[in-house]
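J.: Supplied in structure tokens, the structure appears directly below.
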Amino acid sequence: MDSEVSVMLHCAPTQGFEEHQVQVEISSRFSRRSVPEIEKHIEAVWNERVTKEPWLFNGAKFRLHSAHLSTTHPQTSTNFCTMAGDTAAQTINSTKSAEGDEQLGNCSALNRISLHCGEGERAPLTINARSKKSICCRETVGEPQKDARHSEANGAILRLQLGLTCYKDFLGTNWSQEAGNLQQRGRLEVGDPQALLAQPLGVGAVLLTSDGKVVMLRRSQRVAEAAGLLDIPGGHPEPKAVCQGVSEEDISVDLMQGCERAVVAEIFSSVCAEVRDEVNVPLGFLSAPVLMGIALNHTSAGRPSAEFFIRCSLTMEDVKDFYWRGGPEAHESTDIVFLSKLEMLQLDVKSPLWSELCPSAKGAVMLYQLVRPDQS
Numbered sequence: 001m002d003s004e005v006s007v008m009l010h011c012a013p014t015q016g017f018e019e020h021q022v023q024v025e026i027s028s029r030f031s032r033r034s035v036p037e038i039e040k041h042i043e044a045v046w047n048e049r050v051t052k053e054p055w056l057f058n059g060a061k062f063r064l065h066s067a068h069l070s071t072t073h074p075q076t077s078t079n080f081c082t083m084a085g086d087t088a089a090q091t092i093n094s095t096k097s098a099e100g101d102e103q104l105g106n107c108s109a110l111n112r113i114s115l116h117c118g119e120g121e122r123a124p125l126t127i128n129a130r131s132k133k134s135i136c137c138r139e140t141v142g143e144p145q146k147d148a149r150h151s152e153a154n155g156a157i158l159r160l161q162l163g164l165t166c167y168k169d170f171l172g173t174n175w176s177q178e179a180g181n182l183q184q185r186g187r188l189e190v191g192d193p194q195a196l197l198a199q200p201l202g203v204g205a206v207l208l209t210s211d212g213k214v215v216m217l218r219r220s221q222r223v224a225e226a227a228g229l230l231d232i233p234g235g236h237p238e239p240k241a242v243c244q245g246v247s248e249e250d251i252s253v254d255l256m257q258g259c260e261r262a263v264v265a266e267i268f269s270s271v272c273a274e275v276r277d278e279v280n281v282p283l284g285f286l287s288a289p290v291l292m293g294i295a296l297n298h299t300s301a302g303r304p305s306a307e308f309f310i311r312c313s314l315t316m317e318d319v320k321d322f323y324w325r326g327g328p329e330a331h332e333s334t335d336i337v338f339l340s341k342l343e344m345l346q347l348d349v350k351s352p353l354w355s356e357l358c359p360s361a362k363g364a365v366m367l368y369q370l371v372r373p374d375q376s
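So for the sequence shown, full-length UniProt numbering puts the first residue at 1; every next one is plus one.
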């Protein structure tokens, strides 16, 4: 086991989830719990960073509170979306591990599985659906090619419970030296070690070329996190893409009520946009993303990242050519590396290459090995 990363959930029996199988519930209940002295700490950390790096700017992010799965398959006997290492004989009641990750339950006929980013009381499962869209909603996303996959779990729905957070809060909580103390306080006070943390939801892509190579990037020595290590293309879905025409500081949960489908579309499209910007591959060469699961980065106190599988219709040489032409975020990496599918499947903590992977790449590799989204 690698202490830097763990799998929060994976969707192996379905070989992943397509966009139409994912729903979101957005509420201020799912945002970080605010405490006055912690707010002062966040401000102090931010002011210190901005003094040293005046080019930094704050931006809104989605906060992952928990994930829920329901399926109406009457013959189902296994979980569609499950923790690594789960057994089939689990009950609907969640049990908690020492790290605070809940094990997933299973019941036939109507499965409802609940998983929080940390420990804590299960929130009620509710859907906030509105027929009338907010004026902030983005109407369309979807330039990548449609995926022709036929899921065996057409009745399975993954619901993400999201709040709002921001980059400043991330620096002052998950990325702070006080992160461990904040987790302990959250566990003691509200039964949830992540309650006081920003927990911004990231995205990452296992990008497979037409000739069977997986794309990885060597991170620049100038980036703040995981400098010089191998990573997958990735970043964050942006609330501002949903609330177009609204300033960052004015983005709120209330503005996104009724925009749930636009939020899902942003999560799925943002990972393609990251591939375009970091690898310089045009969107038209990419398949629709398939969600493999969610990994937790423990070097930043369990920060969650949704990891996707994307096919590219270009060969390795074509992708390499696009990369070296330079994209909008070319400064974030210094080299492109390709692994075969066999190398991806054989990677583990004993492999020499494993130590060169940053936590987000490790999580994506683990999910790829569990889900095998490229198997017919």
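Note that the Cβ used here is the ideal one computed from N, Cα and C, for glycine as well. For clarity, every value in this text was computed on a predicted model and none was experimentally measured.
Who pairs with M216 in a beta bridge, going by DSSP?
T.: Numbered from 1 along the sequence shown, position 216 holds the residue referred to as residue 216. Paired residues: V337.
J.: What's the gap between the Cα of S31 and the Cα of R63?
T.: Locating residue 31 in the sequence shown gives position 31, where the first residue counts as 1. Locating residue 63 in the sequence shown gives position 63, where the first residue counts as 1. Roughly 6 Å separates the two Cα atoms.
J.: To the nearest angstrom, how far is it from the Cα of L207 to the Cα of P36?
T.: If you number the sequence shown from 1, residue 207 lands on position 207. If you number the sequence shown from 1, residue 36 lands on position 36. Near 43 Å, if we compare the C-alpha coordinates of P36 and L207.
J.: Going by DSSP, what residue range makes up the alpha helix (DSSP H) through L370?
T.: In the sequence shown, residue 370 corresponds to position 370, counting from 1. Its alpha helix (DSSP H) spans residues P359 to V371.
J.: Who does V311 pair with in a DSSP beta bridge?
T.: In the sequence shown, residue 311 corresponds to position 311, counting from 1. First, the residue type needs correcting, since residue 311 is Arg and not Val in the sequence shown. Paired residue(s): L208.
J.: Tell me the DSSP secondary structure of E249 in three-state form.
T.: Start at 1 with the first residue of the sequence shown, and residue 249 comes out as number 249. Residue state, collapsed to three classes: helix.
J.: Quick one: is P282 buried, meaning 16 or more other Cβ sit within 10 Å of its Cβ, or exposed?
T.: Here residue 282 refers to the residue found at position 282 when the sequence shown is read from its first residue. Exposed, by the Cβ-count rule.
J.: Can L367 and H68 be called in contact, C-beta distance under 7 Å?
T.: Position 367 of the sequence shown, counted from the first residue, corresponds to residue 367. Position 68 of the sequence shown, counted from the first residue, corresponds to residue 68. It is not a contact, given that the beta carbons lie outside the stated cut-off.
J.: Does the beta-carbon of P54 have 16 or more other beta-carbons within 10 angstroms, so that it is buried, or is it exposed?
T.: As a first step, residue 54 is located in the sequence shown; it is residue number 54 there, counting from the start. Exposed, since its Cβ has fewer than 16 Cβ neighbours within 10 Å.
J.: Quick check: R219 and S333, are their CB atoms within less than 7 Å of each other?
T.: The residue you call residue 219 lines up with position 219 of the sequence shown. The residue you call residue 333 lines up with position 333 of the sequence shown. In contact: R219 and S333 (Cβ atoms closer than 7 Å).
J.: Considering only their Cβ atoms, is the gap separating V263 from V246 smaller than 7 Å?
T.: Within the sequence shown, residue 246 is the residue found at index 246, counting from 1. Within the sequence shown, residue 263 is the residue found at index 263, counting from 1. Contact flag unset, no.
J.: Between L160 and the rest of its own chain, which residues show a CB-CB distance below 6 Å, the 5 nearest in sequence each way excluded?
T.: Counting from one through the sequence shown, the residue named residue 160 turns up at place 160. Correct list, in chain order: V24 and A67.
J.: Under the rule that 16 or more other beta-carbon atoms within 10 Å means buried, what is L357, buried or exposed?
T.: As a working note, residue 357 is residue 357 in the sequence shown. By the 10 Å Cβ count, L357 comes out buried.
J.: Compare the C-alpha of A295 against each of S28, P359 and M256 and name the closest.
T.: As a first step, residue 295 must be located in the sequence shown, where it is residue number 295. For A295, the nearest C-alpha among the options comes from P359.
J.: Hey, quick one: how far does the beta strand (DSSP E) through R29 stretch, first residue to last?
T.: Taking the sequence shown and counting its residues from 1, the one referred to as residue 29 is at position 29. From DSSP, R29 is part of no beta strand (DSSP E); its letter is neither H nor E.
J.: Which residues share a DSSP beta bridge with T165?
T.: Position 165 of the sequence shown holds residue 165. Looking at the DSSP assignment, T165 forms a beta bridge with K61.
J.: Cα-Cα, which of I42, E48, R187 and I251 is closest to G172?
T.: By one-based count along the sequence shown, residue 172 stands at place 172. Here the closest residue by C-alpha is I42.
J.: Between the Cα of L217 and those of V349, G180 and E329, spot the shortest distance and give me the residue it belongs to.
T.: Reading the sequence shown from its first residue, position 217 is the one you call residue 217. Closest by alpha carbon: E329.
J.: Taking only three categories from DSSP, how would you classify A306?
T.: Working through the sequence shown from its first residue, we reach residue 306 at position 306. Looking at A306 - three-state DSSP - the assignment turns out to be strand.
J.: Of the choices S70, E307, L339 and V337, whose alpha-carbon is the least far from that of residue 415?
T.: Because the chain here runs from 1 to 376, residue 415 falls outside it and cannot be looked at.
J.: By Cβ distance below 8 Å, which residues in the same chain neighbour V22 in space, the five residues on each side in sequence not counted?
T.: Position 22 of the sequence shown, counted from the first residue, corresponds to residue 22. Counting only Cβ-Cβ distances below 8 Å, and skipping sequence neighbours, we find I157, L158, R159, L160, V264, I267, F268 and L291.
J.: Between the region 186-204 and the region 249-261, do at least 3 Cβ pairs fall closer than 8 Å?
T.: Not touching, per the Cβ criterion.
J.: So if DSSP puts E53 in a beta bridge, which residue, or which two residues, is it bridged to?
T.: Reading the sequence shown from its first residue, position 53 is the one you call residue 53. DSSP lists no partner for E53.
J.: Would K340 be called buried (16 or more neighbouring beta carbons within 10 Å of its own) or exposed?
T.: As a first step, residue 340 is located in the sequence shown; it is residue number 340 there, counting from the start. According to the sequence provided, residue 340 is Ser. The question's Lys does not apply to it. S340 comes out exposed.
J.: If you draw a straight line from the alpha carbon of D192 to that of L182, how long is it in whole angstroms?
T.: Translated into the one-based positions of the sequence shown, residue 192 becomes position 192. Translated into the one-based positions of the sequence shown, residue 182 becomes position 182. Cα to Cα, the separation comes out at about 10 Å.
J.: Apart from the five residues just before and just after S6, which ones in its own chain have a Cβ nearer than 6 Å to its Cβ?
T.: Here residue 6 corresponds to residue number 6 of the sequence shown, with the count starting at 1. So the qualifying residues of the chain are L296.
J.: Decide if G163 is buried, meaning its Cβ has at least 16 other Cβ atoms within 10 Å, or exposed.
T.: Position 163 of the sequence shown, counting from 1, holds the residue named residue 163. Result: buried.
J.: What are the partner residues of D318, as DSSP defines its beta bridges?
T.: Position 318 of the sequence shown, counted from the start, is the residue given in the question as residue 318. In DSSP, D318 forms no bridge with anything.
J.: Under a three-way DSSP split, which group does I232 fall into?
T.: Position 232 of the sequence shown, counted from the first residue, corresponds to residue 232. Of the three classes helix, strand and coil, the one that applies to I232 here is coil, per DSSP.
J.: So, are the CB atoms of V371 and Q15 less than 7 Å apart?
T.: Here residue 371 is taken as the residue at index 371 of the sequence shown, counted from 1. Here residue 15 is taken as the residue at index 15 of the sequence shown, counted from 1. Yes, the Cβ-Cβ distance between V371 and Q15 is below 7 Å.
J.: Where DSSP assigns a beta bridge to H298, which residues make up the other side?
T.: Start at 1 with the first residue of the sequence shown, and residue 298 comes out as number 298. According to DSSP, which records beta bridges pairwise, H298 is partnered with nothing at all.
J.: Could you give the distance in angstroms between the alpha-carbon of R187 and the alpha-carbon of I310?
T.: Position 187 of the sequence shown, counted from the first residue, corresponds to residue 187. Position 310 of the sequence shown, counted from the first residue, corresponds to residue 310. Taking the straight line joining both Cα atoms gives about 37 Å.
J.: How many Å lie between V365 and V190 at the Cα?
T.: Looking up residue 365 in the sequence shown gives position 365. Looking up residue 190 in the sequence shown gives position 190. Each residue's Cα considered, the two are about 33 Å apart.
J.: V50 and S176: beta carbons closer than 7 Å?
T.: The sequence position of residue 50 within the sequence shown is 50, counting from 1. The sequence position of residue 176 within the sequence shown is 176, counting from 1. No, these two residues do not count as a Cβ contact at 7 Å.
J.: Can you give the Cα-Cα distance for residue 384 and F285, rounded to whole angstroms?
T.: Outside the displayed span of the chain (1 to 376) sits residue 384, for which this structure offers no information.
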